[in-house]
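Numbering (the working numbering), first residue to last: 16 to 281.
First comes the structure, then the notes that go with it.
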């Protein structure tokens, strides 16, 4: 992988990982549209590490507090502080974690086609718009229950299918459950931490078990650029959330679906 490809894909991954527009779809479609070779598992690991570092750093106060309260709640066998939210994040991670283990080969080999990405990009984009348009979205993140966490977790598991968007699916589920835009987005970003860590660990094991040499230049460029762009995307997404809502991303997904259909399916 040359420097330009690594830089471009790192920027693309960082921008799209936490916006509700599907990073997996963009990373799959870009080589197809531009005639590039697949970036390889080593690069995938690098960008996962970059985006994981970004979300942990941006929410470091939440991460430290939730970890502390979650451990104390386990020790004392009752919720302490925000210990309930910490354990709701665990509950929300289980469906995607199990789904990833059970369906990884199917996802990698059968569900990366342009036709599937066209459908998921369009359908889940329209669902996001519907969820954002509906009234009665005022619940705070403190009002979450284990049932809410499980339903959002099931939505996250659906996002294993390329084109769905992990953040898009989880925010959509949160909005349908009556959470405010801010609460749904914050829970989605916090939920990204454990599942991204699991994905990075899986990629690390894959790299360790393979005989393919790691392209360290591409690895570093991809990791650093994805980190910078991810932390920027999170900051401005949350800053502009109430002003612009979800509709710019809905419109983008519809346009992207049209491009996929016109260019890759005809």
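Don't be surprised by glycine CBs; every beta carbon is placed ideally from N, CA and C.
Among the options, which has the Cα closest to the Cα of residue i?
i           : options            : result
residue 190 : 166, 92, 267, 175  : 166
residue 258 : 228, 196, 267, 272 : 196
residue 179 : 80, 241, 128       : 128
residue 251 : 30, 154, 262       : 30
residue 187 : 125, 142, 117      : 142
residue 101 : 247, 154, 200, 164 : 164
residue 6   : 247, 202, 154      : The chain is shown only over 16 to 281; residue 6 falls outside these bounds and no answer can be derived.
residue 103 : 173, 242, 54, 156  : 156
residue 115 : 231, 140, 168, 254 : 168
residue 207 : 111, 140, 121, 22  : 111
residue 205 : 51, 49, 107        : 107
residue 38  : 223, 181, 144, 199 : 181
residue 121 : 21, 228, 177, 83   : 177
residue 75  : 246, 51, 89, 123   : 246
residue 286 : 23, 48, 99, 241    : A question about residue 286 goes unanswered here, because the residues of the chain that appear run from 16 up to 281.
Give me whichever residues DSSP pairs with residue i in a beta bridge.
i           : result
residue 194 : 154
Which residues in the same chain as residue i place their Cβ atom closer than 6 Å to its Cβ, once the five residues preceding and following it in sequence are excluded?
i           : result
residue 272 : 133, 136, 137
residue 238 : 61, 64, 65
residue 87  : 95
Any heavy atom of the ligand GTP closer than 7 Å to the Cβ of residue i?
i           : result
residue 159 : Absence of the ligand GTP is noted for the structure shown, with no ligands found whatsoever.
Considering only residues of the same chain and omitting the five flanking positions on each side of residue i, which have a CB-CB separation below 8 Å?
i           : result
residue 14  : An answer regarding residue 14 cannot be provided, because it is not within the stretch 16 to 281 covered by the chain.
residue 119 : 217
By Cβ distance below 7 Å, which residues in the same chain neighbour residue i in space, the five residues on each side in sequence not counted?
i           : result
residue 151 : 193
residue 12  : With the chain covering 16 to 281 only, the question about residue 12 has no answer from this structure.
residue 243 : 29
residue 147 : 190, 260, 261, 262
residue 130 : 280
residue 77  : 205
residue 40  : 132, 136, 177, 178
Practice task
Please determine if the segment 56–76 and the segment 202–211 are in contact, where contact requires at least 3 C-beta pairs separated by less than 8 Å.
Solution key: yes
Handout entry: Ranges of the beta strand (DSSP E) found wholly within the segment 233–259, counting only runs of at least 3
Key = none
Practice task
Could you tell me whether the segment 27–37 touches the segment 253–267, using the rule of 3 or more Cβ pairs below 8 Å?
Solution key: yes
Exercise for the section: Say whether the segment 42–61 touches the segment 272–281, bearing in mind that this needs 3 or more beta-carbon pairs closer than 8 Å, one atom from each stretch. Expected result: yes
Exercise for the section: Tell me the start and end of each unbroken alpha helix (DSSP H) in the segment 68–155 that is at least 4 residues and wholly inside, in chain order. Expected result: 75–91, 98–125, 129–148
Handout entry: Contiguous beta strand (DSSP E) assignments of at least 3 residues, all confined to the segment 166–212
Key = none
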